Each structure stands twice: as C-alpha cells, then as structure tokens.
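Asks:
Protein chains in written order, with my numbering: chain A, 4 to 382; chain B, 4 to 382.
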C-alpha cells in the first residue's frame with residue numbers, strides 16, 4: 004500500500020450570486036469558507052486560550068512572520084517542533100510574508116530588488132527579508148498556507164509608485180514560487196498577492212500575471228489601507244472575476260462585519276483582521292444588533308448580557324454592568340471576555356453567511372443583517 | 004415544617020501537632036481548611052475566569068471593600084443583586100474592611116475616633132470609612148465573611164503608637180459588632196482582627212478583649228507588613244493559643260508557600276495573598292520544586308512544561324519556551340497562564356496540607372516540602 008500524499012485543495016460547494024460556500028482541504032483539517040482567521044500575531048490570539056479560539060468555530064488562525072522572526076525567531080520555533088506545537092494550535096495556520104509589517108512598523112528600512120533591509124522595532128537589530136527568506140521562515144514555522152513577499156504601499160500614492168511596487172511584487176512572486184518549490188512540504192500551499200492599488204488596469208495586469216504563474220490561492224492585498232469602503236469594494240469588483248474559480252480567494256486585513264459581508268457577496272473566501280481582539284481590548288463589543296461600547300455609562304447598571312442568544316459564555320453569562328466595571332477598571336478579565344465574545348461573534352457571522360449561501364438566500368440575508376448591524380447601540 | 008435558618012460554623016476534623024484540619028459551614032457551601040482565598044480585589048481574580056478559580060479548588064475568594072466602594076460602588080452592586088451575582092462566584096466570599104487599603108493606597112487621610120476620612124486614589128473624591136459604614140458596605144456587597152474595621156500601622160513603630168492603634172481597633176471591634184448585629188443576615192459572619200504589632204503583651208490584650216466579645220472568627224492582622232518571617236512566626240506563636248479552638252483563625256495577607264506551611268503548623272486555618280496572581284503577571288511561577296522565573300533565558304528552548312504532574316492545564320500543557328516567549332512579549336496569555344498555574348499550585352499546596360493533617364504526618368510533610376520548595380530553580 005502506498006502512503007497517501009497530503010494534499011491542499013479548494014472545493015466550491017454552493018453559490019448564491021457571486022458568494023461562494025466551499026472548503027479548503029489541508030493535511031491539518033478542513034477550512035470551511037467563507038472563513039475568518041483570528042489573528043495570532045505573536046503566536047497567540049491576544050487574551051484568548053487556543054481552546055477558546057477553536058471552540059468559537061475558527062478552523063484556521065493567522066500568525067505574523069515579521070513578529071515571529073524577531074521574537075522568538077523562526078529557527079528557534081523550528082527547533083521546538085514548529086509553530087503548531089509552540090502555540091498549541093492543531094488546525095491549519097496561515098502566515099503572512101512579513102512585508103506589510105516591515106512597511107508599517109519599521110521606520111528604518113531600505114527597499115531593493117533583492118528585498119527589504121530593516122531594523123527591528125524591538126531592539127534595532129538589522130534584518131533582511133527577501134522573497135526567498137520569507138518563504139524559508141514560513142517553512143521553518145511550518146505554516147500550512149504561506150504568502151509571497153510583496154511590497155504594500157500606502158494609499159493614495161502616485162500611479163508610477165503603485166505600478167513600480169506592483170511590478171516588483173510580480174517578480175517577487177516568481178522568486179517566492181521557486182523558493183517554495185524547493186522548501187515547501189507536501190500539502191502546504193503558497194498564495195500570491197494581487198497588488199495595484201485602486202487602479203483597475205494595474206490590478207488587472209497583476210492578477211493576470213499571477214494567475215499565469217498558477218498559485219494554490221490568491222490574495223487581494225494593499226486594501227483597507229486608507230482608501231475607504233466604497234473604493235475597496237470597487238477594486239474588488241474589478242479583481243475577483245479575474246481569479247480562477249477553483250482556487251481560494253483571500254482579502255487581507257479586512258475588516259468590519261459590513262466589509263466581510265460585502266466582500267463575500269463579491270466572491271471572497273478568506274479574511275483576517277485584528278478588529279475583534281483589538282476592539283475587545285478597547286472595550287468595544289460586536290453583536291448582532293450593532294457595536295456596543297462598554298465604556299459608556301449607560302451600561303453601569305445593566306444586568307443583562309451582551310447577547311442572551313450567543314453560544315459564547317462571555318457574551319451570554321456576564322452582565323453588561325460587570326463588563327463595564329472591568330473595562331473601566333482596566334482589568335484583564337475585561338479584555339479577555341470582550342476579545343472572546345468578539346472572536347465568537349465573527350465566527351457566528353461567518354457561519355451565518357455559510358448557511359445563507361447554502362440556502363441560496365445570501366442577498367436577502369445580507370440586506371437584513373446589515374440593517375441590524377447598523378444599529379450601533381452606543382457608539 | 005420550619006425553614007432551616009442558614010448557619011455559620013467551624014468544625015475541627017483532625018489535628019496534627021497544632022495544625023488543624025477543619026471545615027467552615029456557610030449558607031453558600033463548605034470551606035475546607037486550611038484554606039487559601041484567591042484575591043479578587045476589584046471583583047475579579049486578576050486574569051482568571053471564575054470557573055478556573057473554582058476548578059483550581061478554591062472554596063472561597065476574597066474581595067476588597069476599599070476598591071469596590073470606590074468603583075463600582077457598594078450601593079450599585081447591591082442594586083445589581085450583590086457581589087456574588089456581579090462577579091459570577093457562587094461560593095462564599097470574604098471581604099476585608101477597607102482599612103488596610105486606605106492606609107496603603109491613600110496619601111490623603113485623617114484618622115479620628117469616628118473613623119478614617121480619605122480621598123480616593125482614583126479621582127480624589129472624599130469618603131468616610133467608619134466601623135459602621137464598613138459593615139454596611141460589606142452587607143451591601145453580601146459578603147459571607149466580613150471583617151471589622153481596624154487600624155493597621157506600618158512596622159516598625161513606637162510602642163505607644165502600636166498600643167494606641169490596638170486600643171482604637173478594640174473600640175472599633177465593639178462598634179462593628181453592634182452594626183453587624185443590626186445589618187448582618189443569618190449565616191453571615193463577622194470576624195475580629197487581633198492587632199498589637201510584634202509586642203506579645205499588646206497582642207495578648209487585643210486577643211483576650213476580642214475573645215471576650217465573642218466573634219464568629221478571629222484574624223491576626225498587622226503582620227507581613229515589613230517585620231520579617233521570623234518575627235511574624237514568633238508573634239503567631241504568642242497569639243494563636245489565646246484564640247478559641249472552636250472558631251476559625253485567619254492570618255491576613257500571608258504569604259509565600261513557606262509562610263503558609265509555618266502558619267498552618269501553628270494552627271492557622273485561613274489565608275489570602277496577592278502573590279500567586281501578582282507573581283504570575285510578573286513571569287514568576289510557583290512549583291513543587293521551587294519558584295521559576297520564566298523571564299530567564301534558560302527557558303527559551305525548554306520544550307517541557309512547568310509541571311507535568313499538575314492537574315492545571317497551564318502548568319501541564321504549555322512549554323516553558325512558550326511561556327518565556329509570552330512573558331518576554333508582554334502577551335496577555337502569559338499573565339493568564341501563570342496566574343492560573345500559581346492559583347492552582349496554591350490550592351494543591353492547601354490540599355496537600357489537609358491530607359497531611361488528616362494522616363497526622365504534618366511535621367514530616369512540612370519538612371520535606373520546605374526542602375523541595377527551597378530549590379528555587381531560576382531566581
């Protein structure tokens with residue numbers, strides 16, 4: 004008998020308009036799509052136990068290459084048995100390439116054809132991130148889904164700048180692909196990143212060139228960086244149709260519940276965003292009836308929970324008055340409960356989207372849900 | 004049929020030397036003694052879910068009157084159904100009187116026969132804490148075990164100062180008792196606090212006067228405030244024998260595992276201390292083989308757990324390398340895991356003491372355990 008080779012693959016199960024229900028098979032388990040990936044920047048989804056992340060319904064988490072290469076170091080994690088064992092997450096993990104964080108966190112950096120040299124924001128130590136090194140690091144971590152190194156620039160920017168960065172990202176995509184062919188393990192996947200700012204022509208050239216290279220999945224990068232909701236959706240409208248139907252599509256760094264609904268409506272399958280946990284740490288809760296600012300004094304004597312219908316104990320079992328007290332007092336438990344409740348809400352949102360697509364009622368579900376979410380109780 | 008009136012009472016089950024195994028009956032459940040009470044200052048044991056505190060084996064938690072009277076306010080907690088519902092802790096709760104925190108946290112305060120006037124360390128608002136108000140607040144919170152207001156002074160101090168504070172605390176004990184007789188509910192208990200610094204004669208006068216007043220339990224206060232381990236134990240030696248055998252004895256604000264063992268050996272039944280959670284937030288773990296400083300670089304590549312034998316997932320399932328990384332990165336999960344592990348260790352320690360007393364081998368157990376604990380692996 005031959006040993007079965009682990010494989011990676013996307014399968015679409017149903018469609019409702021352009022919205023897709025599907026699943027991504029990985030050696031570490033299925034990812035139900037549309038999927039939201041909780042962000043575990045430094046190998047921990049902030050203020051949550053890994054068991055809570057899984058119980059909330061997340062099939063996959065994201066971790067940040069930039070943070071982990073600096074601390075504790077990719078080689079160290081490899082010696083310790085890889086990122087899954089290190090952070091006690093048994094399901095699939097997606098890692099970014101580190102490029103975006105270098106741009107946003109490092110004041111001292113130098114771009115070249117080869118890659119980007121930068122100084123760590125932690126201790127000033129010098130590092131080099133090339134397409135090859137980014138893949139090498141992600142392989143050391145043992146990431147199931149890896150991302151090519153790209154150059155992500157702030158918007159708005161001059162068209163020549165956007166074009167230059169897009170073209171560089173294409174050459175880096177090719178080099179990433181070659182490195183992954185050498186270093187990647189069976190069942191692991193490398194995704195390309197479509198760049199080109201908000202320019203439809205640049206986005207088209209980027210998408211077509213990357214599709215020709217045949218990646219396992221395609222991300223749309225360089226959005227949610229200041230261009231606004233409408234321009235982001237217009238850009239998506241132009242890009243998604245150019246991507247192959249048989250591969251997963253990932254919108255990076257997005258977003259609010261409304262963003263997710265609109266992107267799924269356009270055929271996006273995967274998301275990641277720090278909003279649920281970051282907002283949780285700042286006293287903001289997402290609920291089916293809009294956002295709730297627990298700092299607001301109106302909650303001080305409210306004995307009711309965030310959401311009596313939630314399956315998450317944080318949203319269901321603790322009073323708003325107690326959450327208000329914890330947030331005002333700067334207590335750990337406030338961040339823990341709200342990050343948990345928000346992580347669970349995002350997973351409930353994705354599950355509801357999947358159910359609506361399966362029953363081919365996504366458009367009406369989306370319209371009704373967006374009305375509820377817009378209530379924004381106490382902002 | 005008559006409804007049974009809820010009662011409070013201590014029962015000694017076994018003795019090993021002066022060490023006592025017992026149980027305190029309260030309407031909210033039994034407290035197995037010797038007992039360690041995790042500290043939930045602001046109605047939360049810092050960085051732990053209440054379910055974790057209970058699962059670790061704690062029968063009772065402590066909450067701080069001073070913090071809760073300032074935020075969210077005792078009347079507010081009463082309107083919300085009391086402290087148990089507020090913080091989701093179903094077992095017994097002990098509250099202190101607030102006096103100690105006024106002394107240690109408020110720079111602006113004024114003592115008088117009536118009580119202590121002070122300004123909140125949060126917002127500068129003026130408050131008055133009298134023996135009557137301290138009992139009233141604790142009744143509003145719904146505390147099962149309440150403490151008299153006392154004056155706790157820093158050591159070393161002039162004997163006349165210590166005597167004056169001890170005498171004032173006796174008069175406040177009498178007033179607390181009268182207030183509690185009016186406001187306390189059936190099954191709730193008020194404890195007196197023996198004062199007198201490290202002066203055996205003052206301690207004796209305090210203890211005898213309080214015993215004559217007949218309280219439900221007796222605390223030894225004003226220790227672990229700078230006098231040192233040996234002087235603390237010498238003071239205990241003089242006091243414990245003066246307390247009635249049929250009432251629980253509580254050593255306030257103590258201490259290290261070694262402190263607890265020595266105090267239990269002298270007949271103390273109850274303890275509270277911030278050490279397990281505070282040390283946890285600072286990267287220090289308590290284990291059966293001594294303290295472990297997770298900041299230390301020697302843990303950076305240690306794939307082993309804190310304690311493979313522990314029943315606590317935090318101590319058993321996560322690598323020291325990961326804990327080191329979390330602590331160095333200032334991640335919430337580091338504080339969460341180490342506070343959890345330490346809280347569980349303190350409960351394991353108390354359970355081991357109870358077992359050793361039940362089998363009348365406390366002295367040999369204590370000697371062996373103190374040797375193991377002294378290892379102090381990486382301080």
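Every residue, glycine too, gets a C-beta built ideally from N, C-alpha and C. Please read these numbers as outputs of a predicted model, since none were measured by experiment.
1. From the beta carbon of residue 324 of chain B, is the nearest beta carbon of chain A less than 8 angstroms away?
2. Going by other Cβ atoms of all chains shown within 10 Å of its Cβ, with 16 needed for buried, is residue 362 of chain B buried or exposed?
3. Could you check what DSSP says for residue 11 of chain A in three-state terms: helix, strand or coil?
4. Give the interface partners of residue 338 of chain A over in chain B, defined as CB-CB distance under 8 angstroms, in chain order.
5. Between the segment 295–309 of chain A and the segment 4–19 of chain B, are three or more C-beta pairs nearer than 8 angstroms?
6. Would you mind reading off the limits of the beta strand (DSSP E) that contains residue 41 of chain A?
7. So, at 7 angstroms on beta carbons, what are the nonlocal neighbours of residue 175 of chain B in its own chain, with the 5 sequence-adjacent residues on each side left out?
8. Please return the same chain residues whose Cβ sits closer than 8 angstroms to the Cβ of residue 375 of chain B, not counting the five positions on each side in sequence.
9. State buried or exposed for residue 364 of chain A, treating a residue as buried only when at least 16 other CB atoms are found within 10 Å of its CB.
10. Under three-state DSSP, which class holds residue 22 of chain A?
11. Strictly under 8 angstroms for the Cβ-Cβ distance: is residue 75 of chain A near chain B by that measure?
12. At least one CB of chain B closer than 8 angstroms to the CB of residue 16 of chain A: is that the case?
13. Near residue 229 of chain A, what residues of its chain come up, given a Cβ to Cβ distance below 7 angstroms and the 5 sequence neighbours on each side ignored?
14. Do you know how far the Cα of residue 331 of chain B is from the Cα of residue 198 of chain A?
15. In chain order, which continuous runs of the alpha helix (DSSP H) of length 4 or greater are located wholly inside the segment 68–100 of chain B?
16. Taking the beta strand (DSSP E) that residue 290 of chain B belongs to, which residues open and close that run?
17. Beta-carbon of residue 381 of chain B versus every beta-carbon of chain A: anything under 8 angstroms?
18. Does the distance from the C-beta atom of residue 245 of chain B to that of residue 211 of chain B stay below 8 angstroms?
19. Tell me the DSSP secondary structure of residue 130 of chain A in three-state form.
20. Closest to residue 165 of chain A by C-alpha separation, out of A:67, A:204, A:179, A:39, would be which residue?
21. Residue 41 of chain B: which of B:282, B:320, B:360, B:359 sits nearest, CA to CA?
22. Evaluate residue 75 of chain B with the Cβ neighbour count: other Cβ atoms within 10 Å of its Cβ, from every protein chain shown; 16 or more gives buried, anything less gives exposed.
23. Would you say residue 127 of chain B faces chain A, with C-beta separation under 8 angstroms as the test?
24. Whole angstroms is fine: what's the gap from residue 268 of chain A's alpha carbon to residue 254 of chain A's?
25. Applying a beta-carbon distance threshold of less than 7 angstroms, which residues of chain B neighbour residue 47 of chain A?
26. Taking DSSP as the reference, what is the three-state secondary structure of residue 335 of chain B?
27. If you check the beta carbons only, do residue 58 of chain B and residue 360 of chain B fall under 8 angstroms apart?
28. With 16 other CB atoms within 10 Å as the buried threshold, where does residue 238 of chain A fall?
29. Would you mind giving the Cβ-Cβ distance between residue 98 of chain A and residue 141 of chain A, rounded to the nearest angstrom? I have them listed as a contact below 8 angstroms.
30. Once the 5 residues before and after residue 206 of chain A are set aside, which same chain residues still bring their CB inside 7 angstroms of it?
31. To which residues does DSSP link residue 222 of chain A through a beta bridge?
32. When you compare each of A:155, A:147, A:101, A:148 to residue 131 of chain A by their alpha carbons, which one comes out closest?
33. Determine the DSSP secondary structure at residue 155 of chain A, reduced to helix, strand or coil.
34. Between which two residues does the alpha helix (DSSP H) containing residue 239 of chain B stretch?
35. Step through the CB atoms of chain A and report whether any lies within less than 8 angstroms of the CB of residue 171 of chain B.
36. Which of helix, strand or coil does DSSP assign to residue 32 of chain A?
Replies: Put simply:
1. yes
2. exposed
3. Under the three-state reduction of DSSP output, residue 11 of chain A falls in the coil class, being neither helix nor strand.
4. 335
5. no
6. 38–41
7. 134, 151, 152, 153
8. Around residue 375 of chain B: 291, 292, 293.
9. exposed
10. strand
11. Yes, because at least one Cβ of chain B sits closer than 8 angstroms to the Cβ of residue 75 of chain A.
12. No, no contact with chain B.
13. 157, 158
14. One C-alpha to the other measures close to 35 angstroms.
15. Here the runs fully enclosed are 68–73, 77–82, 86–90.
16. 287–290
17. Here residue 381 of chain B scores only 46 on pLDDT, less than 50, and its place in the model should not be relied on; the value that follows carries that caveat. No, because no Cβ of chain A sits closer than 8 angstroms to the Cβ of residue 381 of chain B.
18. yes
19. If DSSP states are grouped into helix, strand and coil, residue 130 of chain A belongs with the strands.
20. Closest by alpha carbon: A:204.
21. B:282
22. buried
23. For residue 127 of chain B, no CB of chain A lies under 8 angstroms from its own CB, so it is not counted at the interface with that chain.
24. Taking the Cα positions, residue 268 of chain A is about 13 angstroms away from residue 254 of chain A.
25. 329, 334, 336
26. helix
27. no
28. By the 10 Å Cβ count, residue 238 of chain A comes out buried.
29. 5 angstroms
30. 197, 199, 238, 241, 242
31. A:196, A:253
32. A:101
33. Residue 155 of chain A: coil per DSSP, three-state reduction.
34. 232–243
35. no
36. strand
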